[in-house]
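Going by my numbering, the sequence shown opens with residue 22, and the numbers climb by one from there. C-beta: ideal position from N, C-alpha, C; glycine also. In this text, all values refer to a predicted model and were calculated from it rather than measured experimentally. Note sheet for the following structure.
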Amino acid sequence: MKRLIFLGPPGAGKGTQAQTLSNYYQIPHISTGDILRQAMTAQTPLGQKAKIYMDKGELVPDELILDLIKERLTQPDSQKGWVLDGFPRNLAQASFLEQLLANLNQSPDFALNLIVPDEVLITRMLERGRRDDNEDTIRRRLQVYRDDTAPVISFYQERGILQSINGDRSMEAVTSSLQAAIES
Ligand code: AMP
Numbered sequence: 022m023k024r025l026i027f028l029g030p031p032g033a034g035k036g037t038q039a040q041t042l043s044n045y046y047q048i049p050h051i052s053t054g055d056i057l058r059q060a061m062t063a064q065t066p067l068g069q070k071a072k073i074y075m076d077k078g079e080l081v082p083d084e085l086i087l088d089l090i091k092e093r094l095t096q097p098d099s100q101k102g103w104v105l106d107g108f109p110r111n112l113a114q115a116s117f118l119e120q121l122l123a124n125l126n127q128s129p130d131f132a133l134n135l136i137v138p139d140e141v142l143i144t145r146m147l148e149r150g151r152r153d154d155n156e157d158t159i160r161r162r163l164q165v166y167r168d169d170t171a172p173v174i175s176f177y178q179e180r181g182i183l184q185s186i187n188g189d190r191s192m193e194a195v196t197s198s199l200q201a202a203i204e205s
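Shown next, in the form of structure tokens:
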């Protein structure tokens with residue numbers, strides 16, 4: 022049973038590492054970015070609203086995300102653990118998650134913070150070529166990360182579950198360090 026939260030800037034490799042750990046521990050990989058992109062492709066009301074923010078590199082309003090995460094974490098498959106990727110993205114989301122988990126009698130095991138220099142993040146995102154990976158959007162997402170998301174690191178440090186990992190290495194090396202941190 023593992024309950025893991027990925028932190029780190031856009032392009033740090035959260036999605037890749039979260040998917041690897043999800044396979045390894047046989048727990049759901051819950052990516053709010055993936056859920057929003059699927060909603061966009063399906064042109065649901067959520068997708069249509071989210072698109073406006075995502076295309077600009079802004080965070081989607083909490084009201085669109087919080088119900089979605091509550092719904093997902095109360096599904097039967099989430100009772101055996103999960104790896105969160107892209108949530109929480111600000112302190113309000115972190116507080117909401119803490120309360121939600123308390124209501125479910127759960128608590129996260131680790132917040133895994135991937136550390137990668139800005140130059141590397143920008144190169145990786147430009148290579149990835151997602152629709153929100155153009156230069157202006159990337160710059161805005163890094164700024165939003167610093168302003169809104171970085172404070173979440175201290176939130177989990179204060180709760181004693183933060184593990185910071187150097188993400189500027191091969192995929193395999195990062196995975197090994199993550200596993201070592203989780204098993205420690
Ligand atoms: P990601 O795939 O995690 O990089 O997310 C892509 C985009 O989806 C972000 O730039 C935001 O616009 C939106 N998004 C994903 N997760 C969240 C979240 N937890 N809160 C607000 N917006 C989010």
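Of all the alpha helix (DSSP H) runs that stay within the bounds of the stretch 56-120, which reach a length of 4 or more residues? Listed in chain order, the complete alpha helix (DSSP H) runs (minimum 4 residues) inside the stretch 56-120 are 66-75 and 83-94.
In whole angstroms, what is the alpha-carbon distance linking Y74 and A202? Those two C-alpha atoms are separated by around 34 Å.
Cβ neighbours of K91 in the same chain (closer than 7 Å, five flanking residues each side left out): Cβ neighbours of K91 beyond the five flanking positions: L121.
Say yes only if the C-beta of G34 is nearer than 7 Å to one or more non-hydrogen atoms of the ligand AMP, and no if none qualify. Placement of the Cβ of G34 at a distance of 7 Å or more from every heavy atom of the ligand AMP is found.
Three-way DSSP call (helix, strand, coil) for L125 in this model: DSSP, reduced to helix, strand and coil, places L125 outside both helices and strands of the structure shown, so it counts as coil.
Specify the secondary structure class of N155 as computed by DSSP and reduced to three states. Correct three-state label for N155: coil.
At which residues does the alpha helix (DSSP H) containing Q200 begin and terminate? Unbroken alpha helix (DSSP H) run through Q200: M192 to E204.
According to DSSP, which residues form a beta bridge with S52? S52 pairs with D106.
For the pair the stretch 158-165 and the stretch 139-148, tell me if three or more CB-CB distances fall below 8 Å. With the cut-off at 8 Å, the stretch 158-165 and the stretch 139-148 touch.
Run the CB neighbour count on S43, radius 10 Å, all protein chains shown included, and call it buried at 16 or more, exposed below. Flag for S43 reads buried.
Between the CA atoms of G68 and Q59 - distance to the nearest angstrom: Within the model, the alpha-carbon separation for Q59 versus G68 is close to 7 Å.
Can you grab the Cα-Cα spacing for the pair D154 / S205, in whole Å? Each residue's CA atom was taken as its position, placing D154 and S205 some 35 Å apart.
Any heavy atom of the ligand AMP within a distance shorter than 7 Å of the CB on R110? At least one heavy atom of the ligand AMP is nearer than 7 Å to the Cβ of R110, so yes.
How far does the beta strand (DSSP E) with A132 in it extend, from its first residue to its last? Where A132 is concerned, the enclosing beta strand (DSSP E) stretches over F131 to I136.
Can you tell me whether K101 is buried or exposed? The criterion is at least 16 other CB atoms within 10 Å of its CB, across all chains shown. K101 comes out exposed.
Are A132 and L183 closer than 8 Å when you measure CB to CB? Yes, Cβ-Cβ distance for A132 and L183 is below 8 Å.
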